[in-house]
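Working notes, beginning with the structure itself.
There are 2 protein chains.
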Amino acid sequence: MTSSLMTDLYELTMLRAARQAGIADRRCVFEVFVRSLPAGRRYGVLAGTGRVLEAIADFRFDAEDIAYLRSLDVLDEDTLAFLADYRFGGTVLGYEEGELFFPTSPVLRVEGTFAEAVLLETVILSIINHDSSVASVGSRMVTAARGRPCIEMGGRRVHEEAAVAAARAAAIVGFAATSNLAAGQRYGIPVRGTAAHAFTLLFDQEREAFTAQITAQGAGTTVLVDTYDVAEAVRTAVDIAGPELGAVRLDSGDLAEQSRALRAQLDSLGATGTKITATSDLDEYRVEALAGVPVDSFGIGTRLVTGGGHPAPGFVYKLVEREGADGLMHPVGKRSENKSTLGGAKRAFRLGAAGTARAELVLPSAAEIYEFERELMDELDRREASPLWTEATVRELQVPLIVDGEPVETPTPAEQVARARARHEASLAELGLTAEDGPDGHLAIPTITDGLLAAAVLD
Amino acid sequence: MTSSLMTDLYELTMLRAARQAGIADRRCVFEVFVRSLPAGRRYGVLAGTGRVLEAIADFRFDAEDIAYLRSLDVLDEDTLAFLADYRFGGTVLGYEEGELFFPTSPVLRVEGTFAEAVLLETVILSIINHDSSVASVGSRMVTAARGRPCIEMGGRRVHEEAAVAAARAAAIVGFAATSNLAAGQRYGIPVRGTAAHAFTLLFDQEREAFTAQITAQGAGTTVLVDTYDVAEAVRTAVDIAGPELGAVRLDSGDLAEQSRALRAQLDSLGATGTKITATSDLDEYRVEALAGVPVDSFGIGTRLVTGGGHPAPGFVYKLVEREGADGLMHPVGKRSENKSTLGGAKRAFRLGAAGTARAELVLPSAAEIYEFERELMDELDRREASPLWTEATVRELQVPLIVDGEPVETPTPAEQVARARARHEASLAELGLTAEDGPDGHLAIPTITDGLLAAAVLD
Numbered sequence: 022m023t024s025s026l027m028t029d030l031y032e033l034t035m036l037r038a039a040r041q042a043g044i045a046d047r048r049c050v051f052e053v054f055v056r057s058l059p060a061g062r063r064y065g066v067l068a069g070t071g072r073v074l075e076a077i078a079d080f081r082f083d084a085e086d087i088a089y090l091r092s093l094d095v096l097d098e099d100t101l102a103f104l105a106d107y108r109f110g111g112t113v114l115g116y117e118e119g120e121l122f123f124p125t126s127p128v129l130r131v132e133g134t135f136a137e138a139v140l141l142e143t144v145i146l147s148i149i150n151h152d153s154s155v156a157s158v159g160s161r162m163v164t165a166a167r168g169r170p171c172i173e174m175g176g177r178r179v180h181e182e183a184a185v186a187a188a189r190a191a192a193i194v195g196f197a198a199t200s201n202l203a204a205g206q207r208y209g210i211p212v213r214g215t216a217a218h219a220f221t222l223l224f225d226q227e228r229e230a231f232t233a234q235i236t237a238q239g240a241g242t243t244v245l246v247d248t249y250d251v252a253e254a255v256r257t258a259v260d261i262a263g264p265e266l267g268a269v270r271l272d273s274g275d276l277a278e279q280s281r282a283l284r285a286q287l288d289s290l291g292a293t294g295t296k297i298t299a300t301s302d303l304d305e306y307r308v309e310a311l312a313g314v315p316v317d318s319f320g321i322g323t324r325l326v327t328g329g330g331h332p333a334p335g336f337v338y339k340l341v342e343r344e345g346a347d348g349l350m351h352p353v354g355k356r357s358e359n360k361s362t363l364g365g366a367k368r369a370f371r372l373g374a375a376g377t378a379r380a381e382l383v384l385p386s387a388a389e390i391y392e393f394e395r396e397l398m399d400e401l402d403r404r405e406a407s408p409l410w411t412e413a414t415v416r417e418l419q420v421p422l423i424v425d426g427e428p429v430e431t432p433t434p435a436e437q438v439a440r441a442r443a444r445h446e447a448s449l450a451e452l453g454l455t456a457e458d459g460p461d462g463h464l465a466i467p468t469i470t471d472g473l474l475a476a477a478v479l480d
Numbered sequence: 022m023t024s025s026l027m028t029d030l031y032e033l034t035m036l037r038a039a040r041q042a043g044i045a046d047r048r049c050v051f052e053v054f055v056r057s058l059p060a061g062r063r064y065g066v067l068a069g070t071g072r073v074l075e076a077i078a079d080f081r082f083d084a085e086d087i088a089y090l091r092s093l094d095v096l097d098e099d100t101l102a103f104l105a106d107y108r109f110g111g112t113v114l115g116y117e118e119g120e121l122f123f124p125t126s127p128v129l130r131v132e133g134t135f136a137e138a139v140l141l142e143t144v145i146l147s148i149i150n151h152d153s154s155v156a157s158v159g160s161r162m163v164t165a166a167r168g169r170p171c172i173e174m175g176g177r178r179v180h181e182e183a184a185v186a187a188a189r190a191a192a193i194v195g196f197a198a199t200s201n202l203a204a205g206q207r208y209g210i211p212v213r214g215t216a217a218h219a220f221t222l223l224f225d226q227e228r229e230a231f232t233a234q235i236t237a238q239g240a241g242t243t244v245l246v247d248t249y250d251v252a253e254a255v256r257t258a259v260d261i262a263g264p265e266l267g268a269v270r271l272d273s274g275d276l277a278e279q280s281r282a283l284r285a286q287l288d289s290l291g292a293t294g295t296k297i298t299a300t301s302d303l304d305e306y307r308v309e310a311l312a313g314v315p316v317d318s319f320g321i322g323t324r325l326v327t328g329g330g331h332p333a334p335g336f337v338y339k340l341v342e343r344e345g346a347d348g349l350m351h352p353v354g355k356r357s358e359n360k361s362t363l364g365g366a367k368r369a370f371r372l373g374a375a376g377t378a379r380a381e382l383v384l385p386s387a388a389e390i391y392e393f394e395r396e397l398m399d400e401l402d403r404r405e406a407s408p409l410w411t412e413a414t415v416r417e418l419q420v421p422l423i424v425d426g427e428p429v430e431t432p433t434p435a436e437q438v439a440r441a442r443a444r445h446e447a448s449l450a451e452l453g454l455t456a457e458d459g460p461d462g463h464l465a466i467p468t469i470t471d472g473l474l475a476a477a478v479l480d
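Protein chains in written order, with the working numbering: chain A, 22 to 480; chain B, 22 to 480.
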């Protein structure tokens, strides 16, 4: 199964028309960005970059694909021959996976001929939109959990392959584990599980179910206590496992009220080390509402894997610069009524001071970049004596990922996840947000597209 | 790639514990259903059944899977040996794909030993939840379009494999085509495409872009007219293609206002046969708002493939009946505070008269089914003389899909889609809803779980 048909037809018909017009080899720059974030979101989290690189490497049209495309009768043999030989030979730069993004952040840049770059639109957007949707809400959940582990358990609520990618995205933003075995296998993510109501119901008595589970899994297991009566179930479980009982899971009812009662009951039974894990339609708001409540970990499903009400972050793949008849590169952008695009291949920097991010600098042209470098770098030099300015940071956000068709690095899937997780943790720390700030608010930092304004941000 | 690890860990640890307790071979019945529909939804549409049957057939643990599971150190060798030999040998019944569902409709029933049935929970729910989410909203969009073709174009907004399944679900509920090539290849769905802004921007002049497209694709192509100035673009396109120009696409701005202006302009240029296709964040409400507006077809993306605000319909997989120590089958159901389950293996019937559905009958026990058959069938017999009652219909909704591990039929993927589309069209017609009823409302028909009430519905 190649990734090449995970593509919209129009990319191929545009290719054909551009080839016939003789300009399919014009050098182009496409950028991936969002125009805005959902209301209340302070930042977004980029995820999927590692999967994009794999999809680009796999992007080949095999004989069966070509036969199918021929059968559509919309492409000529010349275009089909081009596709049969297709291999991406261009250059890709992008934000590191796990990095934060803001409106207009150019999280991925694809440089190449029109022919080679236009074909990648759909598969790149599918991956980046999906994975970033999960990562962006997952990061908020981890913050709301205030250090208590979050376990991804949402696989059953989404497409079976999306489930695996969702577990990967959740791990990147700090989830401690997943229930999904395929995600464990592919990405080395720790897997965890408890038990379902079906297990308890299979037995004639709840006591028999708990005995069987504790016998098989050991006292450290997590038992599900709300199939019949919670208090009765807890007594039974502690009676069987003793105070070594690992954890109890609550999956219904008023979680705050029940958790407090559960904690008191467990303590009264001497099971002071037994943990409480809460599940049941949690999101960042419900987790936030459980601050101070004796819940030790969270199992989070639907709202995580479906992007917390924002299942598609709105990433687009836009031509921003291309070679003209004069052989020079020109910025381009549509002027549509409510969706105009800022032309020009951009460079992006996270500007900060003393470990704190202050602005997202997205510079849309060589002239702006020159102004920025001249003004800001001079400014930084001049102020070097100031303690604030010596700690100033200017991090360039785009790193090379593929150069002339060759991947810069080939980390294993597990390495990709580990690196992205570290990147996310470091970048999030720069925002200085805490759980006390609550899930919603204004954009954490402004996006600045004017090089001359950059210095002002740090004043 | 097998489907067997698209599974939550707890299914395997429950299996282990049940095996050790000696009751893993108890006969069980699991049912898939939703507790409710989203507010405003009159009905849901089941999709994914065909994909579920493929996933069950592929559900094998290969050597690599077993090695991975062994590495987790939570399963014993006895359980691993069972998994290595696993092959589903039970029976599956279900609603036909494309059928409507209502709260408690048992859209899928899995009968088998606990061991063989419990493992299928995650992959079944992933598929049914995802595909039904798209089908349920897509059906509303097709109704709102009032016979004008809808094209699925959302692949770039969701996981790349979910994109293909979404196109399949959209085709089932009446979408005319998809932009996704993989969906075209796998399911025989017609593929369509227009052009992107990048294509126009690639050229030095819009006229050159249109000339290239019309030369390559013929005058019947669809040109995108909002890259610069819409009126100017339309003049240019008609100038090049003549009145044979196939269609123009609008992707921004006020679609109603622009469509009217476009229609007037096209007509004034003599292009009276040129169609207008609208895209840009459409959903059933925006399509409804374009009733009476001269738009000839709709390209629908994000809101379709993300389930129109309801990305996960909430299907659950619940143990409803199982063998007890006495060797007899017993209905079971949890009694959790806000999520109790109606026990008992159910049979379901769509009850109607004169081609109109009146109720969803979900009978939770043999006794209820007996009452229903006795009361209602007698009633139908008695009233046969009445013209209304001669047309009464009692359609049993669950059909056998797998019997003792063997699929009842093995339609091709394209046949699955065609059949499901026919089923959906027929079942939707029975509700008697029209676009004039608007997208939202009460549940179209009640769900009745008491056999004695069945006759009353038809009075």
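The C-beta atom is built at its ideal place from N, Cα and C for all residues, glycine as well.
Since we're looking at a predicted model, the values are computed, not measured.
Using beta-carbon positions only, say whether Gly-335/B and Val-55/B come within less than 7 Å of one another. Yes. Within cutoff.
Run through chain A and tell me which residues come within less than 8 Å of Thr-236/B, C-beta to C-beta. Correct list: Ala-38, Gln-41, Ala-42.
How big is the Cα-Cα spacing for Arg-167/B and Ala-450/B? If you draw a straight line from the Cα of Arg-167/B to the Cα of Ala-450/B, it is about 14 Å long.
With DSSP run on the structure shown, which of helix, strand or coil describes Arg-177/B? The answer is helix: DSSP assigns Arg-177/B an H, G or I state.
Below 8 Å on the Cβ atoms is my contact criterion, and I expect Leu-36/B with Ala-136/B to pass it. Report the Cβ-Cβ distance as a whole number of Å. Confirmed, Cβ separation roughly 6 Å.
7 Å Cβ shell around Asp-83/B - same chain, five flanking residues per side excluded: Taken in chain order, the residues that qualify are Thr-23.
Along the beta strand (DSSP E) that carries Met-27/A, what are the first and last residues, could you check? Where Met-27/A is concerned, there is no enclosing beta strand (DSSP E), because DSSP gives it neither an H nor an E.
So, are the CB atoms of Pro-460/B and Glu-309/B less than 7 Å apart? By the CB criterion at 7 Å, Pro-460/B and Glu-309/B fall inside the cutoff.
Rounded C-beta distance between Ala-441/A and Gly-119/A? I'm assuming under 8 Å. The pair is a contact, with the Cβ atoms about 3 Å apart (cut-off 8 Å).
With a threshold of 7 Å between beta carbons, is Asp-99/B in contact with chain A? Judged by the 7 Å Cβ criterion, Asp-99/B is not in contact with chain A.
Entirely enclosed alpha helix (DSSP H) segments - the region 382 to 455 of chain A, minimum 4 residues: Within the region 382 to 455 of chain A, the complete alpha helix (DSSP H) runs of at least 4 residues are 387 to 403, 408 to 411, 434 to 452.
Based on Cα-Cα distance, which residue from Arg-47/A, Glu-32/A, Ala-39/A, Ala-165/A lies nearest to Gly-348/A? For the residues Arg-47/A, Glu-32/A, Ala-39/A, Ala-165/A, the minimum Cα distance to Gly-348/A belongs to Arg-47/A.
Let me know the secondary structure DSSP gives Ser-318/B once reduced to three states. Reduced to three states, the DSSP call for Ser-318/B is strand.
Cβ neighbour criterion (16 or more within 10 Å) applied to Ser-448/A: Ser-448/A should be labelled buried.
Between which residues of its own chain and Thr-125/B is the CB-CB distance below 6 Å, once the five residues before and five after are set aside? Residues Phe-54, Val-383, Thr-468 of the same chain have their beta carbon placed closer than 6 Å to that of Thr-125/B, with the five preceding and five following residues left out of the count.
Rounded distance between the beta-carbons of Ile-297/A and Asp-317/A, thought under 8 Å: With a Cβ gap of about 5 Å, Asp-317/A and Ile-297/A count as contacting.
For Met-398/B and Ile-77/B, I'd like the C-alpha separation in whole angstroms. When rounded, the separation of the alpha-carbon atoms in Met-398/B and Ile-77/B is 36 Å.
Between which two residues does the alpha helix (DSSP H) carrying Ala-374/A extend? Where Ala-374/A is concerned, there is no enclosing alpha helix (DSSP H), although the beta strand (DSSP E) it sits in stretches over 368 to 374.
Please list the partners that Pro-127/B has in chain A, where partner means a Cβ-to-Cβ separation under 7 Å. Chain A residues near Pro-127/B: none, gap ~16 Å exceeds 7 Å.
For Thr-112/A, report the span of its beta strand (DSSP E) as first-last. Residues 112 to 116.
If you measure from the beta carbon of Thr-300/B to each beta carbon in chain A, is any gap under 7 Å? No, no contact with chain A.
Residues bridged to Leu-290/B [DSSP beta-bridge criterion]: In DSSP, Leu-290/B forms no bridge with anything.
With a 10 Å radius around its C-beta and 16 neighbouring C-beta atoms as the bar for buried, classify Leu-473/A as buried or exposed. Around the beta carbon of Leu-473/A, fewer than 16 other beta carbons lie within 10 angstroms, which makes this residue exposed.
Is any beta-carbon of chain B found at less than 7 Å from that of Ser-147/A? So, interface residue.
If we ignore side chains and look at the alpha-carbon of each, how far apart do Thr-248/A and Thr-257/A end up? Taking C-alpha positions only, Thr-248/A is separated from Thr-257/A by approximately 13 Å.
Contact set between the region 145 to 169 of chain B and chain A, restricted to residues whose Cβ is under 7 Å from the partner: If the cut-off is 7 Å between Cβ atoms, the region 145 to 169 of chain B has Leu-146, Ser-147, Ile-148, Asn-150, His-151 near chain A.
Among Gln-41/B, Ala-465/B, Ala-388/B, Val-251/B, which residue has its Cα nearest to the Cα of Thr-377/B? Minimum Cα distance to Thr-377/B is reached at Ala-465/B.
Just reading off the beta strand (DSSP E) that Leu-141/B is part of, what are its end residues? No beta strand (DSSP E) holds Leu-141/B; DSSP gives it neither H nor E.
So who's on the other strand from Lys-339/A, going by DSSP bridges? Partner(s): Glu-52/A.
Roughly how many angstroms lie between the CA atoms of Tyr-306/B and Ser-157/B, to the nearest whole one? Whole-angstrom Cα-Cα distance: 14 Å.
Exposed or buried, Glu-381/B, counting other C-beta atoms within 10 Å across all chains shown (16 or more means buried)? Glu-381/B is buried by the Cβ-count criterion.
Verify the CB distance criterion: does Met-27/B have a CB-CB separation below 7 Å to chain D? Considering every chain present, this structure includes no chain D. Its protein chains are A and B.
What is the residue span of the alpha helix (DSSP H) that Glu-227/A lies within? It spans 227 to 238 - the alpha helix (DSSP H) in which Glu-227/A sits, taken as one unbroken run.
At a Cβ cut of 7 Å, what residues of the region 188 to 202 of chain A count as close to chain B, listed as they run along the chain? Taking 7 Å as the Cβ-Cβ cut-off against chain B, the residues of the region 188 to 202 of chain A that qualify are Ser-200, Asn-201, Leu-202.
Residues in the same chain with beta-carbon distance under 7 Å from Gly-159/A, minus the five sequence neighbours each way, listed in chain order, please. Within the same chain, Gly-159/A has close Cβ partners Ala-190, Ala-191, Val-194, Phe-196, Leu-325.
In chain A, what lies closer than 8 Å to Ser-24/B by C-beta? Chain-ordered, the chain A residues with CB closer than 8 Å to the CB of Ser-24/B read Glu-181.
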